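Below is one structure, written out as C-alpha cells; comments come after it.
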Amino acid sequence: MIKPLIFIVGPTAIGKSDLAIKLAKKLNGEIINADSMQVYLNLNILTARPSKKDQKLIPHHLYGYIDGSIRYNVASWCNDINNIIKKNNKKGVYSIIVGGTGMYVDKLLHGLVQIPSIPESIKKESENLLLKIGINNFIDKVKNIDEKSLNKISKNDTSRLRRIWEVYEYTHMTLTCWLSKKNLNFLANQKYQLYLFTPNRKEIYNRVNQRFINMIDSGAIDEVKKLNTLDFDKSLPIMKAHG
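If you read the sequence shown in this note's numbering, its first letter stands for residue 123, the second for the next number, and so on.
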C-alpha cells in the first residue's frame, strides 16, 4: 500500500528537522530535503544541514549532494525527489519531506511549467546588462517585455527580474505565456498531508538569533572562508546562502 507523503514546512529555525526525525522513527519513514540550500555539499553549518548522527539514525535524502559550482534548480529537484518517492512507495515506507523553500514544495504538488533551460551565456548577458544600465532602466526593459510578470514580483528582486528578461531573450516567448501552458505534474494520484507551522514572529526571531550564535560557535565563519577560496561565480545560487 502506498503511504501518503508527509510535508513539514515553515520558517527557518522552528524545529522542522527534529520533528521529522521523531515522526520518521514512529512511522518507519525516510526524510527528504526540500530546502534549496541544504542540497549543496559545500555548506553544512551555514545551511543548518542535519547532523551526521541524525542522518545515520534515519535515512536522509537530497542533503549535501550537489557541488556548489552547479546551478541546481527546482526542476532538477522535482525530478530527483520524484525518483526517491517512487522508491519509497515500492518499499512501503513514508516519505517525510522537510524544508522552508515554498517554491520547491509548490512546484512538486502543483506541477512545473516546462520552460527550456536558459544557457549560462544568456544569464551572464542579463547580469552584465543589469550592471551596465542600472536597475531602473532594467526594470523598464522588463516592463516592455512582460509587464504582467513584472507586476507579480518585487522590483528589488534582481534574480526574478533577470529571469523574466532571460526567458524572453532565449525563447522569444514571455514568462507569462510560458506559465499559461499546461504544467508537468509529478505526483499523479499521490495522496499527501501538509503541515505548515507558523510560530509567532517574536518566537521565530529568538530562535533565529540563537541559531546564528550556534552557527558562529560551530565554525560558520571558517566554512564561508573556505567557500570563498573556491572562487565560485558570485551569481551561483550557493553564494546567496545565509544562515
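Glycine included, every Cβ here is placed at the ideal spot set by N, Cα and C. Owing to the predicted nature of the structure, the values given are computational and were not obtained by experimental measurement.
Cβ neighbours of residue i in the same chain (closer than 7 Å, five flanking residues each side left out)
{"i": "lysine 229", "result": "Val196 and Cys200"}
{"i": "valine 215", "result": "Lys125, Asn150, Gly151 and Glu152"}
{"i": "methionine 361", "result": "Phe354"}
{"i": "leucine 223", "result": "The residue asked about is misnamed: residue 223 is threonine in this sequence, not leucine. Here the set comprises Ala156, Asp157 and Ser158."}
Pairwise C-alpha distance: residue j and residue i
{"i": "isoleucine 244", "j": "proline 238", "result": "12 Å"}
{"i": "proline 172", "j": "lysine 263", "result": "43 Å"}
{"i": "isoleucine 261", "j": "glutamate 247", "result": "15 Å"}
{"i": "serine 217", "j": "glutamate 325", "result": "29 Å"}
{"i": "asparagine 250", "j": "leucine 318", "result": "39 Å"}
{"i": "methionine 159", "j": "methionine 123", "result": "33 Å"}
{"i": "methionine 337", "j": "aspartate 157", "result": "18 Å"}
{"i": "methionine 295", "j": "methionine 225", "result": "22 Å"}
{"i": "leucine 272", "j": "glutamate 291", "result": "15 Å"}
{"i": "glutamine 177", "j": "cysteine 299", "result": "42 Å"}
{"i": "lysine 356", "j": "lysine 148", "result": "42 Å"}
{"i": "valine 289", "j": "leucine 297", "result": "6 Å"}
{"i": "arginine 323", "j": "histidine 182", "result": "29 Å"}
{"i": "lysine 265", "j": "lysine 175", "result": "50 Å"}
{"i": "aspartate 202", "j": "lysine 213", "result": "17 Å"}
{"i": "isoleucine 267", "j": "tryptophan 287", "result": "7 Å"}
{"i": "valine 227", "j": "proline 133", "result": "13 Å"}
{"i": "glutamate 242", "j": "isoleucine 219", "result": "30 Å"}
{"i": "serine 198", "j": "phenylalanine 334", "result": "30 Å"}
{"i": "alanine 146", "j": "glycine 137", "result": "14 Å"}
{"i": "leucine 301", "j": "lysine 270", "result": "11 Å"}
{"i": "isoleucine 192", "j": "proline 321", "result": "34 Å"}
Neighbourhood of residue i by C-beta distance below 6 Å, restricted to the same chain and skipping five residues each side
{"i": "arginine 282", "result": "Ile275"}
{"i": "leucine 316", "result": "Phe129"}
{"i": "arginine 284", "result": "Ser248"}
{"i": "tyrosine 162", "result": "Ile188, Gly190 and Ile360"}
{"i": "tyrosine 185", "result": "Asn155, Gln160 and Arg171"}
Per DSSP, the bridge partner or partners of residue i
{"i": "glycine 151", "result": "Tyr216"}
{"i": "tyrosine 317", "result": "Ile130"}
{"i": "leucine 306", "result": "Leu234"}
{"i": "glycine 256", "result": "According to DSSP, which records beta bridges pairwise, glycine 256 is partnered with nothing at all."}
{"i": "glycine 88", "result": "Here the chain covers residues 123 to 365 and nothing more, so residue 88 does not appear."}
{"i": "isoleucine 188", "result": "Tyr162"}
{"i": "histidine 294", "result": "According to DSSP, histidine 294 bridges with nothing at all."}
{"i": "histidine 364", "result": "Histidine 364 pairs with nothing; no bridge assigned."}
Nearest-angstrom Cβ-Cβ length linking residue i and residue j, presumed shorter than 8 Å
{"i": "leucine 165", "j": "leucine 352", "result": "The Cβ separation is near 11 Å, so there is no contact."}
{"i": "glycine 221", "j": "asparagine 155", "result": "6 Å"}
{"i": "alanine 135", "j": "valine 330", "result": "5 Å"}
Residue i Cβ short of 8 Å to the ligand HEM heavy atom set
{"i": "phenylalanine 334", "result": "Looking at this structure, you won't find the ligand HEM or any other ligand, since it has none at all."}
Close beta carbons around residue i, own chain, < 8 Å, minus the five adjacent residues each side
{"i": "alanine 363", "result": "Met159, Tyr162, Leu165, Leu168 and Thr169"}
{"i": "glutamine 332", "result": "Ala135"}
{"i": "threonine 293", "result": "Ile237, Pro238 and Trp300"}
9 Å Cβ cutoff, residue i in contact with chain D
{"i": "leucine 127", "result": "This model lacks chain D altogether, as it is built from one protein chain only."}
Inter-stretch contact (C-beta, 8 Å, three-pair minimum) for the region 222 to 239 and the region 290 to 310: yes
Cβ pair count under 8 Å reaching 3, the region 239 to 259 against the region 203 to 211: no
Counting beta carbon pairs with one atom in the region 276 to 286 and one in the region 309 to 321, are three or more of them shorter than 8 Å? Here the region 309 to 321 makes no contact with the region 276 to 286; the two share fewer than three CB pairs at distances below 8 Å.
Quick one: any contact between the region 141 to 152 and the region 329 to 346, if contact means 3 or more CB pairs under 8 Å? no
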